[in-house]
Every structure is written in structure tokens, then in C-alpha cells.
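Since the structure comes first, as C-alpha cells, the remarks are kept for the end.
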Amino acid sequence: MKRARLFGRGRVRRLPQAWRRPLAVVGTVVALAWIVVALAAPLLAPHDPLAQELPRLAPPGPGHWLGTDQLGRDILSRIMYGARVSIPLTLLLVALSVVVGGLLGACAGYFGRWVGETIMRLADLVFAFPTVILAMVVAAALGASLGNAVLAVLVVAWPAYARVTRGLVLGVREREFVLSGRLLGFSAWRSLRVDVLPNVTGPILVLATLDIGTALLLLSGLSFLGLGAKPPSPEWGAMVAAGVDVFDSWWVATFPGLAILTVVLAFNFLGDTLRDALDPRTAGAIKERAL
Amino acid sequence: MRSPLARFLVRRIVTALLLTVGITLITFVLTNLVPGDPVAANLGQRAVGDPAIVAQWRADHGLDRPLPQQYLMHLEGLLHGDLGTSQQSHRPVLDDLAESVPATLELAGAAILVSLVLGVGFGVVAALRRDRLSDHVLRVLSLVGISVPTFWLALVAFYVFFFRLQITPGSGRIDPGMTPPPQVTGLYTVDALLSGRWDVLSSAVGHLAAPALVLALYTIGLLTRFTRSAVLEVLGQDYVRAARAKGLPGRVVLFRYVLRPALVPVITVAGLAFGSLLSGTVLVEAVFAWPGVGQYAYKSATTLDLPAVMGVGLVVGVVYLVINLVVDVLYGVIDPRVRVS
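These protein sequence lines are chains C and W, in that order.
So for the first sequence, our numbering puts the first residue at 64; every next one is plus one.
So for the second sequence, our numbering puts the first residue at 1224; every next one is plus one.
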């Protein structure tokens, strides 16, 4: 009860309790640790990630704690530098999806009619494909590169945001404070920006947090298939792919894969916590979309 | 057309048909974006130097016509079952796909079965034991399930179970040297069962187990999470409390009052999960050398084999569409509220 008085009513009061749960703590610590590794990779990494200066395919041991790959590069250093490739690109990708999908969804919900219909039918079309298949076809069509892989994942990721935003905007559009703004003569753009969007950002934030893991999985999956990062880039998916050829040297693929797993898991823990902290009704809606 | 069910069915089928046309348009537009020149990919360096040969090749394949006309030609071909000729295998794409579809259906079918049994089971247990240790353990495990990179897990499973422990057989659908069962369905496990080839059946099941389990892990996590929240929602309903209050045994309340309504939406999620399984096959088949659509898709995408990429996109898109149509219709038949929404 004391906490309730301290933090006021509604969401703010529930947030700290949710954030004290073990999953939230683990998620926050792991995500922050990876961000630190990405920022401080040049200081932390024991070797140059591209230097071929160590014995080839050496198992984990002193001097190369996670072993070396077939070109004699230190895997630990490559994973650390890989964080500077995979994490910022994934965050950029999700931010782009939120902006593109959110704007299109908001327009679809606010303006309705043919604008809404066109946007939502386009979204339906993307949903008609299994994600990896469409991303793979798009990446193959654009040409194999990390930038094109990001574009390919963007193509499959925006509709989820468009759908959720449209649904939320439809709910808010008819509320009194939006209608009164319009009656006062505000333009559609101003009303959308000032009255509608701030009221739909919470659930979209949850979806975005949950989506960071999915986006990283897709992006590294495309690199694994040879449609993303090109050698010698220390991208994690491409590093796992390099391990396919040297099966008995288990460390080549295992550690980069663990890096992907821990980042995805951390953001999924965070997304779950955020969802629990927000309104359970909107959480239900998001869960369906996120599937 | 007064019946809401008939109207619902017609609406769903018309939408599916429109989406099918959309899928053909998307795959066509995408494959025309390809920066690589298909002429160079097919004719080789010497022939590309001869303008007459290049012009002849382009005319033969309709590449000299305007794009809308090329699309109409493509549609006409599709209606006659012509998906083009693979530039790598030099065989009709339809024949290539016909060979690889059963392998993928067998893998995805096995994975969805495992996912439904384990995912729904775990979800029900987690909901019934809410906030106890088993609920927390299942919650973390399901989160791990949806967070594991499938391609990495496939490699680890292959390494541990085949290379180290030698519990599972290696890549492929059956042991090398073994003749496949006479083809009826194309699914080796079913065909072996039908023809009484027990040795083939055991080999096929052995080969299927590891890739199917790897593929299923993501959908098990997904279904566990969804089932848990669906069951929890029903458990909080007044009629469940009333059933308990009038003294019905727990088993009756669970099966008759809770699971029936809670598991209806799981049908929809299972349909969506099938999409992620089809996606996963690309990554899993590449590792296990499973001769299915996923491996074919991967090979054709990396070699810029336009008709093959188009064919895979189309076939997988349409299969997914049909599955979702069936799911929608099933859901509409089971739950009347859906028809009017």
C-alpha cells in the first residue's frame, strides 16, 4: 500500500514490482552486459577479430578462451566485435519497423477507407507468407549483403506494427478528447501526432521489445544461409555457418550461437516483463499479434 | 446466402483467392528485381558475347516483352501447372518441388504433432500450477524454446546426438543404401507402414526424430505460452467457479468446463505455428541435408535460380494460405461468434 501511494495510480505503480522479478533482473543484466561488450569491444577483445595470427582450429584454452576458427582467428574477439554488428543492426531494424509499420498503421486506422484498406491488404499479403521464406526471397532478390538482409527483414516485420497500431488508433480515434480536438479545428496530422500516437505507444513498445529477439533470429538466420553478412565480417549467424564445415571443432559454431541465444533470451525476458507491467487487456492483444 | 456460415465461408474463400493472386504478383515482382542477369547465369560467358544468341534466348523465355505481359504469361503458365524450368537442375520446377514437398510435409507434420501434444500439455500444466515451481520452470523453458536460433540448435543436435553419442542416424531420410518404400503418399514413414517394410519404417522414424524435435522446439514454446494464458483466462470465468462450487470433481471441471473453450483458439495458433515450421524447415533442412523444399529453397536462392525461387515462394505461400483457410473455416464452424465478427 505504501508503494501505491509512493508511485501513484495505474501503470506506474505496477512497473517496479514487475521489474523486481528474477526474469526481469536477468534480462536487464544480460542485455546491459551485451551493450557494454558492444561498446567496449576494442578495449575488451584480447585479439584483432580479423587477424589470422593464432593456430588454426585450436580448442578453447589459455590465450584463446573460446578457441580459434579455421583461419586462426580468436572466436572470443570475433564474438565481442560481432556484438557491434548484430545488436545495433537489430535495434535499427526494429526501430525502422516501428516507424514504418506504426506510421502506416496509424494512417490506416485514422483515415480508414481506401487508405486503410490498401495498407491492410498489403499487410495481409506479407502475412500470407511464412516469414523466413519471404525474407529469403526478398534477400535473394536484392542480392546478398547485410544491408539487404536488414531490408528483407523490414519487409516482413512492418505489418505486425501496422496491424497493432491500426487497432489501437481505431479505439482511440472515437474518444472524446480526440473528437473535441478535431472540433476545435486541429488538422488531422496534429490530432494524430498529439492526441492519438502518445496513447498507443505503450503496447507498441512492448511489441518492439519482444520483436528484438525475433529480428535478431531472422537476421542471423539470413546470414547463416549466406544471404546476409559476408566474410570476414564477424556477424554471429555467419560465424555459426562457418562451423558447419568443421563439425568436429564444436567451439566454432557453439559460442556464436550461444551469443545469439543469450541476447534473444534477454530481450524476450524484458518484453515479457514489460507486457506484464502494462495493462493485461492490451497485453492479450499484443500476444496474438506477436504470434 | 442467408446463413451466416455460408457467408463466412464465401468471404474467406474469396479472400484466399485474392491473396493467391497477390502472392503470384509479389513473387513475380521480387524475382524481377534481381540484379544478376539471368542470361549470363544460363548461357555462360562465351554465348553472352554473341548478341544474336542472347536475343534468341531472351525471346524464347519471353524476357523481351513488357513486364505486365510477362506477368500475364507467367499467370497463364501457372494455370497450366507450369512453374518454369529450374536454371540449375534444367528440370521443370514443378517436378523438382513434387519430389521435395513430401519430405518437408513429413518433417513439418511430425513437428506439429509433437508441438501440439507437448505444447498444449505443458501449457495446461503451467496454468493449473500457476505461480508454483513447475509453472516458473515451464515459463523459462518456453521462453528458451522461442529464443533458440533453430539453425544453431540443429547443428548442436547433429553434433551431440550423431557425431558424439551416435544415438541418431546421420543426414537424409533413410539409411544410405536402403531402397525407399513404394510411393503412395511420398511420406516414407506412412509408405513403409503401408507396405509393411518395418526396417525402412524404423530407419525413417530414426532419421525424422532429431530434425523434427529441433524444428518443434520453437512451436512447443509458442503453444505452451498461448495455452497457458488461454486456460488461465477460462479458469477465471464465473461458470468455472460455479461448476466448482456445486461440487463437481476437478477432472470433470477441467475437461468439460475449462479445456473445451480454452483449446478452441489453439487451433488458430497451430495454423500460425505451421507457418513458423515451414520457415524453420529452410534452416533445419540445410543442416540435416533433408531433401525437402527448405533445402531446395536455400540452394535456389543462393544460386539465383529465378524460376525455382518463384516456385518455392508460390508453393509455400499457397500451402500456408490453404492451411490458414482450413483453420479459419474450422474455427468458424466450431465457434459461431467468429462468423459474425
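Every residue gets a Cβ at the ideal spot worked out from N, C-alpha and C, and that includes glycine.
Because the structure is a prediction, the values reported are computed rather than measured.
Do residue j and residue i come within 8 Å of each other at the CB atom, strictly closer than that value?
i, j, result
"Pro193/C", "Gly1498/W", "yes"
"Thr336/C", "Leu106/C", "no"
"Tyr173/C", "Arg256/C", "no"
"Phe287/C", "Leu1506/W", "yes"
"Pro1274/W", "Gly320/C", "no"
"Leu1366/W", "Ala191/C", "no"
"Met1533/W", "Gly1245/W", "no"
"Pro1484/W", "His1430/W", "no"
"Thr1412/W", "Glu1508/W", "no"
"Ala225/C", "Ala271/C", "no"
"Leu1361/W", "Val1348/W", "yes"
"Ser140/C", "Pro123/C", "no"
"Gly306/C", "Ala316/C", "yes"
Drop a sphere of 10 angstroms on the beta-carbon of residue i, count the other beta-carbons inside from all chains shown, and report buried for 16 or more, exposed for fewer.
i, result
"Arg53/C", "No information on residue 53/C is available, as it lies outside the stretch 64 to 354 that chain C covers here."
"Val1556/W", "exposed"
"Pro1289/W", "exposed"
"Gln1518/W", "buried"
"His1313/W", "exposed"
"Tyr1462/W", "exposed"
"Trp177/C", "exposed"
"Pro261/C", "exposed"
"Pro1472/W", "exposed"
"Leu1295/W", "exposed"
"Leu1388/W", "exposed"
"Glu298/C", "buried"
"Asp1287/W", "exposed"
"Gly1470/W", "exposed"
"Gly1342/W", "buried"
"Arg136/C", "buried"
"Gly130/C", "buried"
Would you tell me roughly how many angstroms separate the C-alpha atoms of residue i and residue j, rounded to the nearest one?
i, j, result
"Ile182/C", "Arg1467/W", "48 Å"
"Ala207/C", "Tyr144/C", "21 Å"
"Phe1386/W", "Ala1380/W", "9 Å"
"Leu354/C", "Gln1279/W", "Note on Leu354/C: pLDDT 31, under 50, position unreliable in the model; the coordinate value appears next. Looking at the two C-alpha atoms, the distance is approximately 49 Å."
"Ser1425/W", "Leu1336/W", "18 Å"
"Ala94/C", "Val157/C", "16 Å"
"Phe249/C", "Leu185/C", "30 Å"
"Thr1254/W", "Gly291/C", "18 Å"
"Gly73/C", "Leu231/C", "Low per-residue confidence applies at Gly73/C: pLDDT is 48, beneath 50, and the placement is therefore not dependable, though the value from the model is reported in the following sentence. Rounded to the nearest angstrom, the two C-alpha atoms are 19 Å apart."
"Asp308/C", "Leu1301/W", "38 Å"
"Ser1452/W", "Gly164/C", "27 Å"
"Leu1417/W", "Leu1446/W", "32 Å"
"Arg245/C", "Thr264/C", "21 Å"
"Lys65/C", "Ile150/C", "A caution first: Lys65/C carries a pLDDT of 42, below 50, which makes its placement in the model unreliable, though a value can still be read off. Cα to Cα, the separation comes out at about 39 Å."
"Ala1326/W", "Lys1522/W", "16 Å"
"Ser1309/W", "Val99/C", "48 Å"
"Leu1495/W", "Val92/C", "32 Å"
"Leu1240/W", "Ala278/C", "30 Å"
"Val241/C", "Leu166/C", "18 Å"
"Phe70/C", "Arg83/C", "Its pLDDT being 43, under 50, Phe70/C is placed unreliably in this model, and the value from its coordinates should be taken loosely. Using only the alpha carbons, I get a separation of about 15 Å."
Looking only at C-alpha atoms, which of the options sits nearest to residue i?
i, options, result
"Gly126/C", "Glu116/C, Leu134/C and Gln133/C", "Glu116/C"
"Gly1540/W", "Ile1249/W, Leu1351/W, Phe1231/W and Ser1425/W", "Ile1249/W"
"Met1401/W", "Leu1328/W, Leu1388/W and Ala1427/W", "Ala1427/W"
"Arg238/C", "Val227/C, Val259/C and Val219/C", "Val259/C"
"Ala121/C", "Leu324/C, Ile323/C, Ser312/C and Leu328/C", "Ser312/C"
"Ala1333/W", "Arg1362/W, Leu1256/W, Leu1501/W and Ala1453/W", "Leu1501/W"
"Leu285/C", "Leu270/C, Met302/C and Thr272/C", "Met302/C"
"Val269/C", "Arg338/C, Ala304/C, Arg226/C and Trp314/C", "Arg338/C"
"Val1510/W", "Leu1364/W, Phe1374/W and Ile1369/W", "Phe1374/W"
"Leu1376/W", "Leu1537/W, Ala1520/W and Gly1503/W", "Gly1503/W"
"Ile1236/W", "Arg1560/W, Asp1558/W, Pro1559/W and Val1549/W", "Val1549/W"
"Thr228/C", "Gly168/C, Val219/C and Ala103/C", "Gly168/C"
"Leu1458/W", "Val1476/W, Tyr1441/W, Tyr1382/W and Lys1469/W", "Val1476/W"
"Ile196/C", "Val1542/W, Pro1559/W, Leu1410/W and Leu1298/W", "Val1542/W"
"Val1316/W", "Asp1551/W, Val1535/W, Val1552/W and Asn1547/W", "Val1535/W"
"Thr153/C", "Ala220/C, Leu341/C, Gly289/C and Pro266/C", "Ala220/C"
"Val1437/W", "Pro1514/W, Ser1357/W and Gly1368/W", "Gly1368/W"
Can you round the beta-carbon distance between residue i and residue j to whole angstroms, since I take them to be within the 8 Å contact cut?
i, j, result
"Leu280/C", "Val213/C", "Actually they are not in contact, since the Cβ atoms of Leu280/C and Val213/C sit about 14 Å apart, beyond 8 Å."
"Ala215/C", "Val201/C", "4 Å"
"Val1229/W", "Gly1395/W", "A quick correction: the sequence has Ala, not Val, at residue 1229/W. In fact, because the Cβ distance is near 47 Å, the residues do not count as touching under 8 Å."
"Phe332/C", "Ile275/C", "At roughly 11 Å, the Cβ-Cβ gap does not stay under 8 Å, so Phe332/C and Ile275/C are not in contact."
"Val1492/W", "Phe1449/W", "5 Å"
"Asp1319/W", "Ala1531/W", "7 Å"
Does residue i come within less than 8 Å of chain A when only Cβ atoms are used?
i, result
"Ile1546/W", "Given the protein chain composition of this structure (C and W), no chain A is represented."
Taking 7 Å as the cut-off, is the CB of residue i close to at least one heavy atom of the ligand ZN?
i, result
"Leu209/C", "No copy of the ligand ZN occurs in the structure displayed, which carries no ligand at all."
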